[in-house]
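In this note's numbering, the protein residues as written are 959 to 1069.
Ideal Cβ positions, reconstructed from N, Cα and C, are used throughout, including at glycine.
If you're wondering where the values come from, they're calculated on a predicted model, not measured in any experiment.
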Amino acid sequence: MLRGSPLAEDAELIVSELSANAILHTASGREAGGFHLALAMSSRVVALSVTDGGGAGTAPKVEHRDQEAEHGRGLGMVSAIAHRVVVHDSDGGHTVTAELLTDVRRGGHPC
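Structure (structure tokens):
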């Protein structure tokens, strides 16, 4: 859906990080686990949401780790790329939504 969009690479990285977090840190990574990915687009915003399978006990949060840490920097990277990141409780798990602005007002291209 974002093929050719200047936001495609950022969106791909965000989906990769949020999906990996769901698999690594929640029931989504268990044998019968799964997660839900949603994409919503308008002329000004692309919203990417991943809902995990629950079981983590705590909500995802940005952790400030050393640059050489092997884990714990993904959500921080998503927060640096996205205009806004929101975490919601969702059916025993959590939904993390990252929003990218299309920047139409400054001459950017809508998706």
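- Shown here, E1057 sits in a strand according to DSSP, grouped into three states.
- Contact annotation, S1007 with T1055: C-beta distance approximately 4 angstroms; criterion of less than 8 angstroms satisfied.
- Taking all protein chains in view, the Cβ of T1016 is surrounded by fewer than 16 other Cβ atoms within 10 Å, so the residue is classified as exposed.
- T984 and V1003 have their C-alpha atoms roughly 28 angstroms apart.
- For L1006, the enclosing beta strand (DSSP E) starts and ends at V1003 to T1009.
- Annotated as proximal: F993 and D1010, with beta-carbon spacing under 8 angstroms.
- Under DSSP, the beta-bridge partners assigned to L995 are V1008.
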